[in-house]
Amino acid sequence: MFKSVKDILKAHENLEKEVYLDLENSSPILPEVVEEMLPCFYMKAYGNPTLTHKQGWEAYEVIMSSAQTIAHYIGSSTPEEINFTNSEVEANNLALMGGILANQNKGKKIVVSNGEPITIDLLCQMLDKKGFKVVKVPVDSEGFVQKEELANKVDKETVLISIAAVNPEIGTIQPLKELVEIAKDKNPEVLFHTDASDAYGRIDFNVKNLNVDLATLSSYKIQGP
122 MFKSVKDILK AHENLEKEVY LDLENSSPIL PEVVEEMLPC FYMKAYGNPT
172 LTHKQGWEAY EVIMSSAQTI AHYIGSSTPE EINFTNSEVE ANNLALMGGI
222 LANQNKGKKI VVSNGEPITI DLLCQMLDKK GFKVVKVPVD SEGFVQKEEL
272 ANKVDKETVL ISIAAVNPEI GTIQPLKELV EIAKDKNPEV LFHTDASDAY
322 GRIDFNVKNL NVDLATLSSY KIQGP
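So that you can map any letter, position 82 of the sequence shown is 203 in my numbering, and since no number is skipped, the others follow by simple counting.
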């Protein structure tokens, strides 16, 4: 019986070979990524990007250049549409809470799939307690959102829909473009959010082509920071 985490780690010290099979939850940063980032920690661009001095402008330029690269990669109109957060969880919270609170005068109904990440599910539980109506759309045996059910549940009171692009456990790739069309047909003003953390860098993902309004991306699953 292990008494501490240190004991568990010590038991692994003499392994002849180690195979890491959990890239889905976190991944080591590629050496070339570390090399690109290191100067920003001590040589340049380490200033506060909101301040008007040399180090601040350097930091601002690095941030905007990075945003431009990401915007181009995902088909976003401008780098100003890219917002950096500390984590996937924070990005999901910002997208859902921001979208819902900004449009709560239009309705208080939220539609999500029954196969959303736990972070979305927990947030919806909190919103439900705050008086918002959370409706879940069922998925089939392969994890695909049932389209007819989605069409039936979206109405004029729906302010936001959240459906993950890829299921991280069984690999289901949702037909997002079609799902967005179904939702917008029922309510053209509804916001459509997708947690694309498991799609970004792995499959073709273009927000303009998909017509999604909000998307959560993350690099920690594809050997980024």
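Ideal Cβ positions, reconstructed from N, Cα and C, are used throughout, including at glycine.
Neighbourhood of residue i by C-beta, 8 Å cutoff - its chain only, sequence neighbours within 5 removed
i	result
leucine 215	Asn204, Thr206
isoleucine 231	Leu217, Ile221, Cys245, Leu248, Phe253, Lys254, Val255, Val256, Thr279, Val280, Leu281, Ile282, Ser283
proline 346	Ile150, Val154, Met158, Ser340
Span separating the alpha-carbon of residue i from that of residue j
i	j	result
glycine 196	glutamate 310	21 Å
glutamate 157	leucine 151	10 Å
threonine 315	glutamate 237	10 Å
proline 289	threonine 173	42 Å
glutamate 139	leucine 281	44 Å
alanine 192	leucine 338	11 Å
valine 154	valine 287	25 Å
phenylalanine 162	glutamate 209	23 Å
leucine 312	asparagine 332	10 Å
Buried versus exposed, by CB contacts within 10 Å (16 or more), residue i
i	result
leucine 68	With the chain represented from 122 up to 346, any question about residue 68 goes unanswered, as that position is not in the structure.
asparagine 308	buried
glutamine 81	Examination of residue 81 is not possible in this model, given that the chain is present from 122 through 346 alone.
lysine 277	exposed
lysine 250	exposed
Collapsed DSSP secondary structure at residue i in the structure displayed
i	result
histidine 314	strand
lysine 257	strand
leucine 151	coil
serine 198	coil
serine 90	An answer regarding residue 90 cannot be provided, because it is not within the stretch 122 to 346 covered by the chain.
valine 328	helix
alanine 336	strand
Cβ neighbours of residue i in the same chain (closer than 7 Å, five flanking residues each side left out)
i	result
glycine 322	Ile343
asparagine 235	Lys257, Val258, Pro259, Val260
isoleucine 303	Lys268, Leu271, Ala272
proline 170	Gly177, Ala180, Tyr181, Ile184
Contacts around residue i, its chain only, beta-carbon distance under 6 Å, and the 5 residues preceding and following it disregarded
i	result
alanine 336	Thr315, Ala317, Val328
threonine 240	Val210, Asn213
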